[in-house]
Every structure is written in structure tokens, then in C-alpha cells.
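A.B. asks: A single structure is presented below for examination.
In the numbering used here, the protein residues as written are 2 to 347.
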């Protein structure tokens with residue numbers, strides 16, 4: 002006779018105790034970390050921040066503006082040819098020159114990545130230059146997002162004449178040639194620095210502030226488009242019936258529903274802003290000596306072509322850091338976009 006299996010059903014334990022409920026944040030994190038590229042991008046970004054902001058606390062041998070005055074000796078060989086009584090003589094003469102600055106020093110225990118053409122430690126400059134590049138990019142993206150949210154929220158909520166005015170301003174700003182205007186502004190700031198109107202290290206911040214001014218229309222258009230579709234939802238009708246103020250309806254009920262798209266837009270914009278900053282510094286419009294940024298560290302190859310071929314340790318590390326930063330932020334942005342998309346595969 003076959004054994005009969007008996008199934009026991011627990012009717013005393015509440016159903017919610019047998020189900021693992023996940024909060025929206027937990028669901029977001031689970032979907033984000035499911036992608037290997039997202040994890041790689043996050044590790045790259047965290048590693049860069051640790052290198053730039055914690056590295057100088059460990060690597061204290063050299064500072065950003067500290068020159069290596071240990072000196073070096075250079076030898077130059079000259080060849081002189083002369084003829085006496087039909088006999089040609091060739092004289093090789095070697096000249097020894099003692100220099101104060103130890104520039105273009107090869108990687109060693111004293112300088113792990115060597116020194117640049119002025120005698121600054123490349124590793125220290127790489128850390129401090131990364132601080133400038135990352136902070137400037139974050140500040141620019143944050144400011145243009147805030148301004149874009151405000152203008153896009155007002156345009157999308159009110160519509161009509163207000164919407165037309167703000168969108169036409171966006172059209173004008175998006176038609177401006179950014180790089181040529183930045184070149185003109187940088188040339189003007191050379192005079193401002195010479196007259197002590199601004200400090201040299203403030204140059205890059207002023208340029209990025211102008212870049213913020215001409216870059217916010219993209220965020221404003223994104224917010225406006227989302228709010229146009231959200232303002233007719235039932236919860237907005239309820240908020241209208243409750244008598245909420247216009248500011249509360251825009252920034253407490255509409256804008257939070259646009260945050261997923263904004264977060265993705267911000268993460269992807271960070272990579273673009275790092276490239277912008279690197280381009281400005283490479284064109285010698287950003288941070289100048291004795292301060293530095295990643296782009297200005299690559300600019301060194303334009304002043305001394307010999308460094309491009311024979312001293313790769315001077316400029317290649319800065320280029321690698323730029324590539325890592327841009328790829329890292331793009332990977333994180335792609336992961337956030339997939340995690341925040343409700344239609345993506347679970």
C-alpha cells in the first residue's frame with residue numbers, strides 16, 4: 002500500500018511573515034548591481050575619488066606646487082671639423098651643465114611617475130589635478146541641473162506664454178557656439194588676471210560657470226516634457242483640489258517624479274563635463290602653473306614635442322585617468338537607467 006503524504010498548512014502565521022517585501026530602494030539596488038558594467042563603473046568612480054582625495058594624505062613626499070630642487074646634470078656633445086694642410090680633423094666636445102631643477106626625471110623610488118618639464122612630481126599633480134577636474138565637473142552638473150529643473154518646471158506647469166518665452170531662450174542658448182565663445186572669454190580673462198581683477202586659479206571656475214549658463218536648456222527640456230505628461234495625472238487633480246500652492250505642486254509633486262530621469266541625465270553629464278574641462282585645460286584656457294588639472298597635464302606635449310615620444314610617463318597617466326572617469330560615469334549612468342526603468346526585465 003502506497004504511503005500517503007500529508008501536507009500541513011500553517012494557518013496561524015500571518016501571510017506577510019512568509020513573504021519577503023522589498024522596499025523601492027532595495028529593488029533599485031538589486032537591479033543596479035545585477036549589471037556587471039554598473040559594478041565596474043562604480044568601482045572605477047570610487048577608486049578615482051579615493052585616489053584624488055585620499056591619495057595626498059598617504060603620498061606626502063611631494064605637493065602640487067613643490068618643485069624638485071635636487072638638481073641634475075646634462076651633457077651636450079658638439080662636433081667640430083677643421084682641415085689643416087689637407088688633413089681633416091674632427092673634434093668631439095662634451096659640455097657638462099649643472100641644473101637646479103630636476104625636470105623630466107624618469108620614474109624612480111623618489112618620483113614613482115617621474116617629474117614633468119618643470120620639475121613637479123607627476124603623481125602628486127595627478128592627484129591634485131583630479132580634484133580640480135572632478136569637483137569642477139560635479140559643481141557644473143549640479144548647478145545646471147538645479148537651474149534646468151527650475152526653468153523646466155515653470156515652463157511645463159504654466160505652459161502658454163511662459164512656456165514659449167522659456168523655450169525660445171533655450172533655443173537661443175542651444176544655438177550658441179560654446180567653444181569659440183569660451184576661447185574669447187579666456188582671452189579676455191588674460192587681461193583680467195593681468196589687472197588683478199581675478200585670481201589665476203579662478204579662471205577654470207568662471208569658464209565652467211559660463212558653460213553652466215549655456216548647458217541648462219537640455220535639462221529644462223527634459224523636465225518640461227515630463228511635467229507636461231504628469232500634470233494631468235489624478236494626484237495633481239487632488240493637489241489642486243486641496244488648494245496647494247504652485248511651488249508645492251511643482252517641486253514636491255511633479256519634480257520628484259522626474260528625478261529618475263534627472264539622476265540618469267546627471268550621471269551621464271558628468272562624463273561630458275570632465276571632457277569639457279579637460280579640453281579647456283588642454284587648450285591652455287583652464288588651470289595654469291603652478292596649479293594643474295588633468296587636461297593641462299596633457300597640454301605639456303604641445304610645448305615640447307619630445308615629451309610626446311620619449312617621456313610617456315608625463316602625460317599618459319592623466320589621459321588614462323580621464324578615460325577611466327568618463328567610462329566610469331557612463332557605466333554608472335547606464336546602470337541607473339536600466340534600474341530606474343520600470344519596463345526593464347526583472
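All C-beta atoms, glycine included, are put in the ideal place defined by N, C-alpha and C. These figures come from a predicted structure and were not determined experimentally.
Of all the alpha helix (DSSP H) runs that stay within the bounds of the stretch 31-70, which reach a length of 4 or more residues?
C.D. replies: Segments of the alpha helix (DSSP H) lying fully in the stretch 31-70: 37-50, 56-59.
A.B. asks: To which residues of the same chain is residue 293 closer than 6 Å at the C-beta, ignoring the five residues directly before and after it?
C.D. replies: Here the set comprises 126, 130.
A.B. asks: List the DSSP bridge partners of residue 163.
C.D. replies: Paired residue(s): none; residue 163 is not in a bridge.
A.B. asks: Select from 107, 286, 139 the residue whose C-alpha is nearest the C-alpha of residue 124.
C.D. replies: The shortest C-alpha separation from residue 124 is found at 107.
A.B. asks: Can you tell me whether residue 63 is buried or exposed? The criterion is at least 16 other CB atoms within 10 Å of its CB, across all chains shown.
C.D. replies: Buried, because 16 or more other Cβ atoms sit within 10 Å of the Cβ of residue 63.
A.B. asks: Keeping to the same chain, check which residues put their C-beta closer than 6 Å to that of residue 132; ignore five residues upstream and five downstream.
C.D. replies: Excluding sequence neighbours, residue 132 sits near 53.
A.B. asks: Look up residue 77 in the DSSP assignment and say whether it is helix, strand or coil.
C.D. replies: In the structure shown, residue 77 sits in a strand (DSSP, three-state: E or B).
A.B. asks: For residue 327, I'd like the list of residues in its chain whose CB is within less than 7 Å of its CB, leaving aside the five on either flank, ordered along the chain.
C.D. replies: Around residue 327: 272, 275, 276.
A.B. asks: Using only CA atoms, which one of 305, 139, 119 lies nearest to residue 269?
C.D. replies: Among 305, 139, 119, the Cα nearest to that of residue 269 is on 139.
A.B. asks: Hey, out of 305, 209, 290, whose CA is closest to residue 142's CA?
C.D. replies: Per the Cα distances, 209.
A.B. asks: Short check: CB of residue 348 to CB of residue 95, under 8 Å?
C.D. replies: For the chain, the structure presents residues 2 to 347; residue 348 sits outside this window and is missing.
A.B. asks: Do you know offhand how far residue 222's Cα is from residue 242's?
C.D. replies: Cα-Cα distance, rounded: 28 Å.
A.B. asks: Is it a yes or a no for the stretch 213-233 touching the stretch 247-266, going by three-plus beta-carbon pairs under 8 Å?
C.D. replies: Touching, yes.
A.B. asks: Which residue comes first and which comes last in the alpha helix (DSSP H) that contains residue 290?
C.D. replies: Neither: residue 290 is in no alpha helix (DSSP H) and is coded neither H nor E.
A.B. asks: So, are the CB atoms of residue 307 and residue 36 less than 8 Å apart?
C.D. replies: In this structure, residue 36 does not lie closer than 8 Å to residue 307 by Cβ.
A.B. asks: Given this structure, state the Cα-to-Cα distance separating residue 187 from residue 303, to the nearest angstrom.
C.D. replies: If I take the Cα positions, the gap works out to 18 Å.
A.B. asks: How far does the alpha helix (DSSP H) with residue 209 in it extend, from its first residue to its last?
C.D. replies: It spans 204-231 - the alpha helix (DSSP H) in which residue 209 sits, taken as one unbroken run.
A.B. asks: Is DSSP giving residue 122 helix, strand or coil here?
C.D. replies: The answer is strand: DSSP assigns residue 122 an E or B state.
A.B. asks: Please say whether residue 266 and residue 227 have beta carbons closer to each other than 8 Å?
C.D. replies: No; because the gap between Cβ atoms is not below 8 Å, this pair is not in contact.
A.B. asks: In chain order, what residues of the same chain lie with their CB nearer than 6 Å to the CB of residue 216, ignoring the 5 residues before and after it?
C.D. replies: So the qualifying residues of the chain are 145.
A.B. asks: Could I get the ranges of all uninterrupted alpha helix (DSSP H) runs contained in the stretch 225-270, with 4 residues as the minimum, in chain order?
C.D. replies: Listed in chain order, the complete alpha helix (DSSP H) runs (minimum 4 residues) inside the stretch 225-270 are 235-242.
A.B. asks: What's the gap between the Cα of residue 180 and the Cα of residue 224?
C.D. replies: Approximately 26 Å between the Cα atoms of the pair.
A.B. asks: Do residue 333 and residue 43 have their C-beta atoms closer together than 8 Å?
C.D. replies: The answer is yes: Cβ separation under 8 Å.
A.B. asks: Would you please state the rounded distance, in angstroms, between the beta carbons of residue 46 and residue 330? I believe it to be under 8 Å.
C.D. replies: Their Cβ separation, rounded to whole angstroms, is 6 Å, which keeps residue 46 and residue 330 in contact under 8 Å.
A.B. asks: How many Å lie between residue 147 and residue 296 at the Cα?
C.D. replies: When rounded, the distance between both Cα atoms is 27 Å.
A.B. asks: Under a three-way DSSP split, which group does residue 3 fall into?
C.D. replies: The predicted position of residue 3 is uncertain, since its pLDDT is 49 and thus under 50; a value taken from the coordinates is nonetheless stated next. Three-state result, residue 3: coil.
A.B. asks: Across which residues does DSSP place residue 312 in a beta bridge pair?
C.D. replies: In DSSP, residue 312 forms no bridge with anything.
A.B. asks: Write down the C-beta distance between residue 137 and residue 278 rounded to the nearest angstrom, noting that I regard them as a contact closer than 8 Å.
C.D. replies: Right, their Cβ atoms sit about 5 Å apart.
A.B. asks: Under DSSP, the alpha helix (DSSP H) around residue 188 begins and ends at which residues?
C.D. replies: Its alpha helix (DSSP H) spans residues 179-195.
A.B. asks: If you count every other CB in all the chains shown that lies within 10 Å of the CB of residue 109, and 16 or more means buried, which is it?
C.D. replies: Result: exposed.
A.B. asks: Using a threshold of 8 Å, state whether the C-beta atoms of residue 286 and residue 174 are closer than that.
C.D. replies: Not in contact: residue 286 and residue 174 (Cβ atoms no closer than 8 Å).
A.B. asks: Run through DSSP, which three-state label would residue 88 get?
C.D. replies: DSSP places residue 88 in strand when its eight states are reduced to three.
A.B. asks: Quick check on residue 178: buried or exposed, where buried means 16 or more other Cβ atoms within 10 Å of its Cβ?
C.D. replies: Answer is exposed; the Cβ neighbour count stays below 16.
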